[in-house]
Each structure stands twice: as structure tokens, then as C-alpha cells.
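Here is the structure we will look at.
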Amino acid sequence: MKLHESSRKLARRLEAGTARIMSATLRRDGGRWHVAFTVQVERRDRAPAPPGSVVGVDVGITHLAVLSTGEVIPNPRHLSKTQNRLRRLGRALSRKTGPDRRSGQRPSQRWQRAAARLGRAHARVSNLRRDGLHKLTTRLAAMHGTVVVEDLNVAGMLANRRLARHIADAGFAEFRRQLAYKTAWNGGRLLVADRWYPSSKTCSGCGAVKTKLALSERTYTCQACGLILDRDANAARNLAALAAKTTAGSGPVAARGADHKTRPSGQVAKKREPGTAPAGKTGTVPPQGQDCL
Numbered sequence: 001m002k003l004h005e006s007s008r009k010l011a012r013r014l015e016a017g018t019a020r021i022m023s024a025t026l027r028r029d030g031g032r033w034h035v036a037f038t039v040q041v042e043r044r045d046r047a048p049a050p051p052g053s054v055v056g057v058d059v060g061i062t063h064l065a066v067l068s069t070g071e072v073i074p075n076p077r078h079l080s081k082t083q084n085r086l087r088r089l090g091r092a093l094s095r096k097t098g099p100d101r102r103s104g105q106r107p108s109q110r111w112q113r114a115a116a117r118l119g120r121a122h123a124r125v126s127n128l129r130r131d132g133l134h135k136l137t138t139r140l141a142a143m144h145g146t147v148v149v150e151d152l153n154v155a156g157m158l159a160n161r162r163l164a165r166h167i168a169d170a171g172f173a174e175f176r177r178q179l180a181y182k183t184a185w186n187g188g189r190l191l192v193a194d195r196w197y198p199s200s201k202t203c204s205g206c207g208a209v210k211t212k213l214a215l216s217e218r219t220y221t222c223q224a225c226g227l228i229l230d231r232d233a234n235a236a237r238n239l240a241a242l243a244a245k246t247t248a249g250s251g252p253v254a255a256r257g258a259d260h261k262t263r264p265s266g267q268v269a270k271k272r273e274p275g276t277a278p279a280g281k282t283g284t285v286p287p288q289g290q291d292c293l
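At the far end of the sequence shown sits residue 293, using UniProt numbering, and the numbering has no gaps.
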């Protein structure tokens, strides 16, 4: 079997008897054939992530992520950069003779070639986005024993027609999905702040909470203590501080390798979306979201 990517690592494991192929799935995507192997592997235990290292991660559109350590991860905007090419390929496809189920018309070969070019362009954008997220989440899970993120309402955020394309391009849901299983692999934990936790409105210096904070205000200014800080950096610090409060006040959250959701005391969400779990229950929770970036 000839593969586009290197299969030497898998071949060496098969020869050494440390891996066994259980099944293989073939699919065609973006004009290419892909094979996915389900492999049973014997591997050494991973080096555990530093248990005392905590990082808060505030994701957004201006920057893909801002960490409580001060590091800023730029947003690559893969879809936006390729938008002109995608539109050009889409217009070229629309000019070709495509399939028509009502009349039984078959697509022309030119239409099929144009559709393949458009599919490859979309697949490249998806692959670039996934690759960048994998590199970021792998680094976070390996360097920090506790990672804290927000419970973003991605479905609600996508209802904003001005920001929907940029939100989808960032891949918030995929970012959290990868963090959930990678922190478990490294013996760490992923804490998910409650959807109503005001991470952006709370001062990371004194704890004062603003009643209103417009999305256009990118710098947080505290009227109580005078702290002036980037809005996203302030939110990331609050998320990191939430880990210590949650661990001290709730025993089950200290369990390793789980995707935990926190709730501020005195406030209970009346509605919980399918697939979510309250604090104390383990498992991978599908990404949700919050309107505030």
C-alpha cells in the first residue's frame, strides 16, 4: 500500500509487536483518499504534566488565545486569508454544467474537476486550522497540570452574522475538545468555568466586578484599584485564579484527567445543554460557550 505520508513509525511498531491494527476506514475528502487505522498500541507512560502549574486560557477573535502567563497566541485566520481564492473557485464551479437530480443530468468532467479543486482548497484550510490547534493544545497539556477555559456558547455566538465566519475560523469547539483528552493523557485536568462567570468584567487585581463592559472596550480599567490591563489578559488571569478557588472549595474537582465545570456560588444555570455535566462528574464534555470574547 502506497501512502502520501510516512508510515515508518507504524511499520516499526508492527514489526516489533508493540502495535496491532484492529480496523481501517477509507474515505474520500477534498479530492483525496484517506485511510484511518484503529491501532492497539503498547506505549510507555507519558511524563506527567507539572501538577502545580496552572494556566488560564482566554480565546477570542483578535488573538486566538491569551494565556495568564502573558503569552499571546496570534489568530492565523486561515479561512479569511483564503476567502478570495475560495470565492473564485466557487464562481468557476457555478459556470460549469453540474448534476441535476430532477432531470437526471450528469455533471460534466469540467464540473467534477472544478469541484475537486474547490474541495481541496477547503480541505487545506481545515487541515491548517487543525494542525495549529494540535500544536497549541499539545504544548499546553504538556506544560501545565491544570488548564482553565471558559464555557463558551459557540452556537449562540455563531448567530452573530458579523462575527460568525471569524468564530468558525478560530475553531473554539475543536480547541476545547483537544484540550479535554490531551490533559487526561498527561495526567492533568481541564477546568471549564461556568458560563455566567464574569471573567472579563472582574478585576484580576482586587476582584471588583464591573456591571457593564462593552465588547469594543479592549483595555480593562478598574475604578477601584486603578489596574489597567488588556481585556483578554485580565480574563485569563481570572480563569487561572479560579482553579485555586475551585480546588479549595470542592473535593471532586481535584480528580485528575477530567473535564470539570465550575459554578459560582449562589448562581445556578437554569438550562443545561445536552452533553454537559456538572462539577464532580468526569468525562469529555462537548465545547459550549459564552458570548463575551
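Backbone N, C-alpha and C define an ideal beta-carbon position, used for all residues, glycine too. Since this is a predicted model, take the numbers as computed values, not measurements.
Within its own chain, no residue has a Cβ closer than 6 Å to the Cβ of GLN112 once the five positions on either side in sequence are excluded.
In the three-state reduction of the DSSP assignment, HIS63 falls in the strand class, which pools E and B.
In the structure shown, the three-state DSSP call for ASP169 is helix. For ALA24, the enclosing beta strand (DSSP E) covers residues 19–29. By the CB criterion at 9 Å, LEU64 and VAL55 fall outside the cutoff. One Cα belongs to GLY188, the other to LEU242, and the distance between them is close to 16 Å.
For the set TRP196, ASP100, LYS135 and ARG129, the Cα lying nearest the Cα of ILE167 is the one of ARG129. DSSP places ASP230 inside the beta strand (DSSP E), whose first and last residues are 228–230. Under the DSSP assignment, VAL192 falls in the beta strand (DSSP E) whose first and last residues are 189–193.
Counting only runs of 3 or more residues that sit fully inside the stretch 36–107, the beta strand (DSSP E) segments are 54–59, 63–67 and 72–74, in chain order. ASP230 places its beta carbon 9 Å or farther from that of ALA123.
Across the set HIS34, LYS2, LEU3 and VAL41, the C-alpha of VAL41 shows the shortest separation from the C-alpha of ILE21. Beta-bridge pairing by DSSP links HIS34 to ARG27. Straight-line spacing of the CA atoms in THR202 and ALA235 works out to 8 Å. Assignment of beta-bridge partners to VAL148 by DSSP yields GLY56 and LEU191. Using a Cβ-Cβ distance cut-off of 8 Å, the stretch 126–144 and the stretch 32–51 are in contact, since at least three pairs of beta carbons, one from each stretch, lie closer than that value. With fewer than 16 other Cβ atoms from the protein chains shown falling within 10 Å of its own Cβ, LEU215 counts as exposed. Note on GLN109: under 16 other CB atoms within 10 angstroms of its CB, so exposed under the neighbour-count rule. Under the DSSP assignment, THR219 falls in the beta strand (DSSP E) whose first and last residues are 219–221. Under the criterion of beta carbons closer than 8 Å, SER199 and ASP58 qualify as touching, at roughly 7 Å.
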